[in-house]
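For reference, the structure discussed in these notes is given below.
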Amino acid sequence: MTAQPNKALRFTHVNLENWKNFIGVDVDLQKRAFLVGPNASGKSNFLDVFRFLHEIVSVGGGFRAAVQKRGGVSTLRCLAARRHSELAIKVSLGSDEDRLAWEYELRFTQDNNRIPTVATERVAKHGKDIITRPLEADQTDPKRLTQTYLEQVNVNQEFRDVADFFESVRYQHLVPQLVREPDRSVGHPNDPFGGDFLEQLARTPEKTLKARLRRIGAALRVAVPQLKELDLERDVRGTPHLRGNYEHWRPQGAWQTEEVFSDGTLRLLGLLWAILAGSGPLLLEEPELSLHPDVVRYIPAMFARMQQRTGRQILLSTHSTDLLTDEGIGLDEVLLLQPSDDGTSVRTASSFEDIKVLLEGGVNLAEAVMPHTAPSKSKQLTLFGEPVPGE
Amino acid sequence: MNTTFNKPVVSGAVEGSVDEAVFSALLKHVDALPGLVYGKKGKSHLREKITGYNNAARLSPWLVIVDLNHEECAPSMRASWLPSPAPHMFFRIAVREIEAWLLADRQSLARFLAVPLTKMPANPDGLDDPKRALVDLSRFSRRRDIREGMVPTVSSHREVGPLYDSSLSEFAETKWNLDAAADVSDSLARCIASLRALTG
Numbered sequence: 002m003t004a005q006p007n008k009a010l011r012f013t014h015v016n017l018e019n020w021k022n023f024i025g026v027d028v029d030l031q032k033r034a035f036l037v038g039p040n041a042s043g044k045s046n047f048l049d050v051f052r053f054l055h056e057i058v059s060v061g062g063g064f065r066a067a068v069q070k071r072g073g074v075s076t077l078r079c080l081a082a083r084r085h086s087e088l089a090i091k092v093s094l095g096s097d098e099d100r101l102a103w104e105y106e107l108r109f110t111q112d113n114n115r116i117p118t119v120a121t122e123r124v125a126k127h128g129k130d131i132i133t134r135p136l137e138a139d140q141t142d143p144k145r146l147t148q149t150y151l152e153q154v155n156v157n158q159e160f161r162d163v164a165d166f167f168e169s170v171r172y173q174h175l176v177p178q179l180v181r182e183p184d185r186s187v188g189h190p191n192d193p194f195g196g197d198f199l200e201q202l203a204r205t206p207e208k209t210l211k212a213r214l215r216r217i218g219a220a221l222r223v224a225v226p227q228l229k230e231l232d233l234e235r236d237v238r239g240t241p242h243l244r245g246n247y248e249h250w251r252p253q254g255a256w257q258t259e260e261v262f263s264d265g266t267l268r269l270l271g272l273l274w275a276i277l278a279g280s281g282p283l284l285l286e287e288p289e290l291s292l293h294p295d296v297v298r299y300i301p302a303m304f305a306r307m308q309q310r311t312g313r314q315i316l317l318s319t320h321s322t323d324l325l326t327d328e329g330i331g332l333d334e335v336l337l338l339q340p341s342d343d344g345t346s347v348r349t350a351s352s353f354e355d356i357k358v359l360l361e362g363g364v365n366l367a368e369a370v371m372p373h374t375a376p377s378k379s380k381q382l383t384l385f386g387e388p389v390p391g392e
Numbered sequence: 041m042n043t044t045f046n047k048p049v050v051s052g053a054v055e056g057s058v059d060e061a062v063f064s065a066l067l068k069h070v071d072a073l074p075g076l077v078y079g080k081k082g083k084s085h086l087r088e089k090i091t092g093y094n095n096a097a098r099l100s101p102w103l104v105i106v107d108l109n110h111e112e113c114a115p116s117m118r119a120s121w122l123p124s125p126a127p128h129m130f131f132r133i134a135v136r137e138i139e140a141w142l143l144a145d146r147q148s149l150a151r152f153l154a155v156p157l158t159k160m161p162a163n164p165d166g167l168d169d170p171k172r173a174l175v176d177l178s179r180f181s182r183r184r185d186i187r188e189g190m191v192p193t194v195s196s197h198r199e200v201g202p203l204y205d206s207s208l209s210e211f212a213e214t215k216w217n218l219d220a221a222a223d224v225s226d227s228l229a230r231c232i233a234s235l236r237a238l239t240g
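Following this line, the structure appears as structure tokens:
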């Protein structure tokens with residue numbers, strides 16, 4: 002664990018141009034960020050920016066692979082953008098004490114053969130540029146522009162901290178059915194959807210694993226009181242299984258494996274594991290799924306407590322009013338995504354005057370924010386199944 | 041013999057999670073068992089549902105705690121909320137907010153927040169805005185984690201910090217000395233006295 006949470010590096014600002022749903026984004030990020038918006042407004046696409054940076058520097062990744070995995074530049078580019086415009090990602094990294102320790106900017110497009118190419122790559126430390134590409138060498142050998150300096154260890158010494166930070170980003174969106182039936186997703190190491198979740202657990206050194214499972218077990222009992230104990234065991238074929246000891250009429254309780262754990266138990270277990278494993282920014286999709294409202298409402302405070310110890314940043318998407326009822330969620334921590342014909346805009350809730358005055362008048366955050374994110378024609382869903390005219 | 045079996049179970053409704061912690065501590069203090077807790081969505085929500093809670097209090101004991109805030113006085117608020125209270129309804133109004141009851145245990149709260157005892161308000165029942173008083177008090181904490189958890193940042197535009205509810209609930213459940221607090225807060229003393237009638 003980081004000893005000095007106030008010095009832990011995190012994303013402090015993000016600028017985007019023409020990235021997926023977004024023509025332009027320019028927004029500050031706090032230690033916690035709660036993304037709210039209608040379905041398909043781009044919450045996952047926003048989180049994907051940070052996964053993209055992670056993939057550039059991860060083993061077996063790289064800039065070209067990360068772009069191509071997303072269908073190439075023309076798929077990534079915002080539909081509302083002009084045809085040949087560049088895509089740009091610019092992030093600032095820092096801490097509470099030093100919000101602008103680093104800046105990383107990447108602008109890219111594609112060449113005539115649809116190969117993604119770097120148009121600009123810039124790294125600055127405390128506002129001073131360390132590197133600005135294209136360099137002269139890039140002009141004479143354009144092939145160099147198919148790679149970022151970020152991903153190359155022989156040229157990124159001066160900003161290795163940035164590369165290491167991007168590497169530490171984790172994304173999780175655990176699908177209980179994939180945890181129970183890992184065969185459905187063979188060959189995805191570190192699968193954010195949980196396909197190799199049990200393998201990830203099994204790879205953890207035993208002492209660490211035991212300590213984490215003990216802590217997770219204790220926290221899980223809040224939601225699942227009959228669960229007494231958790232451990233990990235390999236079956237005869239060597240496949241790891243989570244086992245939970247459930248207390249009921251039998252004096253010794255009964256051991257059951259993850260195959261019969263409920264969706265909620267598995268989701269919460271995965272969430273708690275993600276919090277304990279790793280120290281870099283954690284990206285979560287709808288952590289409220291399958292959980293009881295009385296569990297969901299304590300999620301923001303649980304994150305805040307964890308951040309007091311580690312300083313670890315958490316960016317999450319949510320549709321949950323229960324989660325947003327927490328009175329300690331800052332308006333600068335809530336990012337509102339609003340789709341329009343010119344792509345989706347991203348603004349902090351604190352930039353909406355009406356939300357501020359509603360709160361001052363005693364309306365809770367969920368009540369003040371949710372109408373901004375409701376699809377305008379959702380009522381029409383009730384008509385689904387009615388005959389369409391002319392049918 | 042005072043086993044779980046003959047302790048009265050009291051259901052109830054409160055405004056939020058700090059109030060829920062106070063609810064449990066109160067009932068334990070008078071040797072009753074906290075039952076199901078409803079509401080937890082703010083004061084206006086309680087106001088809407090109070091008729092339902094009152095109906096339920098015809099059958100079994102209920103404790104409803106609500107903040108007076110800036111309404112004129114407790115008796116008129118009681119009259120407008122509950123013109124005909126059911127026989128088992130304990131409807132308590134905290135003056136002005138439930139935080140005053142926590143502030144009344146000066147020793148334990150000063151220790152919990154790591155603030156000097158001299159900074160603790162002498163008459164919490166007389167505070168105009170106990171919540172703000174508690175937040176302001178936390179600014180003097182010697183502990184950084186307390187300051188950052190309790191006090192909101194300016195840019196958050198909120199009244200409390202990210203761990204205000206969580207920390208105060210922890211205090212109410214584990215450190216709050218109700219005898220000491222009742223010596224200082226009349227409003228709390230009256231609440232405890234009326235609840236004692238339950239357990240004899």
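Same order as they appear, the protein sequences are chains A and B. Residue numbering for the first sequence follows our numbering, starting at 2 and increasing by one per position. Residue numbering for the second sequence follows our numbering, starting at 41 and increasing by one per position. We put the CB at the ideal spot given by N, CA and C, even for glycine. Predicted model only: the values in this text are computed from it and were never measured.
Against residue i, what residues of chain B qualify as contacts under a CB-to-CB distance less than 8 Å, listed in chain order?
i                 : result
Gln309 of chain A : Asp185, Glu188, Gly189, Leu203
List, in chain order, every chain A residue whose beta-carbon is nearer than 8 Å to that of residue i.
i                 : result
Gly198 of chain B : Before going further, note that residue 198 of chain B is Arg rather than Gly in the sequence given. Those within 8 Å of Arg198 of chain B in chain A are Glu328, Gly329, Ile330, Gly331, Leu332, Leu360.
Pro192 of chain B : Gly329, Gly331
Lys81 of chain B  : Thr326, Asn365
Ser51 of chain B  : Under the 8 Å cutoff, chain A gives no residues; its nearest Cβ is about 15 Å from Ser51 of chain B.
Going by CA-CA distance only, name the one from the options that's closest to residue i.
i                 : options                                : result
Pro288 of chain A : A:Tyr299, A:Thr149, A:Gly281, A:Gly279 : A:Tyr299
Asp96 of chain B  : B:Leu157, B:Val77, B:Ser57, B:Leu218   : It is Ala, not Asp, that sits at residue 96 of chain B in the sequence shown. Selected option, being the one with the closest Cα: B:Val77.
Val194 of chain B : A:Thr383, A:Pro388, A:Asp333, A:Pro390 : A:Asp333
His127 of chain A : A:Thr121, A:Leu151, A:Ser96, A:Glu152  : A:Ser96
Val50 of chain A  : A:Leu243, A:Tyr105, A:Arg181, A:Gly38  : A:Tyr105
Leu285 of chain A : A:Leu80, A:Lys378, A:Ala138, A:Pro193  : A:Pro193
Glu182 of chain A : A:Glu230, A:Phe53, A:Pro241, A:Gln31   : A:Pro241
Val119 of chain A : A:Ala67, A:Pro301, A:Gly329            : A:Ala67
Leu202 of chain A : A:Lys229, A:Arg235, A:Ala224           : A:Arg235
Val50 of chain B  : B:Ser120, B:Leu149, B:Pro74            : B:Pro74
Thr147 of chain A : A:Thr121, A:Leu77, A:Glu98             : A:Thr121
Ser178 of chain B : B:Ala212, B:Leu167, B:Leu208, B:Ala229 : B:Leu208
Ser84 of chain B  : B:Ala173, B:Arg182, B:Glu55, B:Leu149  : B:Glu55
Val370 of chain A : A:Pro376, A:Ile356, A:Gly363           : A:Ile356
Asp258 of chain A : A:Pro282, A:Arg238, A:Asp232, A:Thr110 : Note on residue identity: the sequence assigns Thr, not Asp, to residue 258 of chain A. Ranking A:Pro282, A:Arg238, A:Asp232, A:Thr110 by Cα distance to Thr258 of chain A puts A:Asp232 first.
Tyr247 of chain A : A:Leu228, A:Pro372, A:Gln31            : A:Leu228
Arg84 of chain A  : A:Val92, A:Ile90, A:Ser75, A:Lys91     : A:Ser75
Lys68 of chain B  : B:Arg132, B:Ser225, B:Ser227, B:Thr214 : B:Thr214
Asn46 of chain A  : A:Leu324, A:Leu317, A:Leu384, A:Asn365 : A:Leu317
Around the Cβ of residue i, are there at least 16 other Cβ atoms within 10 angstroms (buried) or fewer (exposed)?
i                 : result
Ala241 of chain B : Here chain B covers residues 41 to 240 and nothing more, so residue 241 of chain B does not appear.
Asp165 of chain A : exposed
Arg171 of chain A : buried
Gly218 of chain A : buried
Asn46 of chain B  : exposed
Cys113 of chain B : exposed
Gly386 of chain A : exposed
Cys231 of chain B : buried
Leu269 of chain A : buried
Leu80 of chain A  : exposed
Trp151 of chain B : Checking the sequence, you will find Arg at residue 151 of chain B rather than Trp. By the 10 Å Cβ count, Arg151 of chain B comes out exposed.
Lys378 of chain A : exposed
Ser116 of chain B : exposed
Gln31 of chain A  : buried
Pro226 of chain A : exposed
Lys44 of chain A  : buried
Thr319 of chain A : buried
Asp15 of chain A  : Rather than Asp, the amino acid found at residue 15 of chain A in this sequence is Val. Its Cβ being crowded by 16 or more others within 10 Å, Val15 of chain A is buried.
Report yes or no: is there a C-beta of chain D within less than 8 Å of the C-beta of residue i?
i                 : result
Ser178 of chain B : Absence of chain D from the displayed structure is noted, the protein chains being A and B.
Show which residues of chain A have a CB atom less than 9 Å away from the CB atom of residue i.
i                 : result
Ser100 of chain B : Within 9 Å Cβ-Cβ: nothing; Ser100 of chain B doesn't reach chain A, min ~21 Å.
Interface residues of chain A around residue i at Cβ under 7 Å?
i                 : result
Ser181 of chain B : Here the premise fails: no neighbours, minimum Cβ distance about 13 Å.
- Of the residues that make up the stretch 296-323 of chain A, which ones have a beta carbon closer than 8 Å to any beta carbon in chain B? Those residues of the stretch 296-323 of chain A that come within reach of chain B (Cβ to Cβ, closer than 8 Å) are Arg298, Tyr299, Pro301, Ala302, Ala305, Arg306, Gln309.
- beta strand (DSSP E) segments (min. 3 residues) lying fully within the stretch 46-107 of chain B: 49-54, 73-79, 102-107
- Item | Residues in the stretch 352-377 of chain A having any Cβ partner in chain B nearer than 8 Å | For chain B, the residues of the stretch 352-377 of chain A that bring a beta carbon within less than 8 Å of one of its beta carbons are Lys357, Leu360, Gly363, Asn365, in chain order.
- Message: Please identify, using Cβ separations under 7 Å, the residues of the stretch 104-121 of chain B that lie next to chain A, in order along the chain.
- Response: none
- Only counting runs of 3 or more residues, tell me where the beta strand (DSSP E) segments fall wholly within the stretch 286-351 of chain A, in order along the chain. Whole beta strand (DSSP E) segments, 3+ residues: 315-318, 335-341, 344-349.
- Where are the beta strand (DSSP E) runs, 3 residues long or more, that stay fully inside the stretch 121-164 of chain A, in chain order? 129-134
- Name, going along the chain, the residues of the stretch 207-228 of chain B whose beta-carbon falls closer than 8 Å to a beta-carbon of chain A. none
- Task: Identify every run of the alpha helix (DSSP H) within the stretch 148-228 of chain B, keeping only runs that are complete inside it and at least 4 residues long; order them along the chain.
- Result: 170-178, 184-190, 204-214, 218-224
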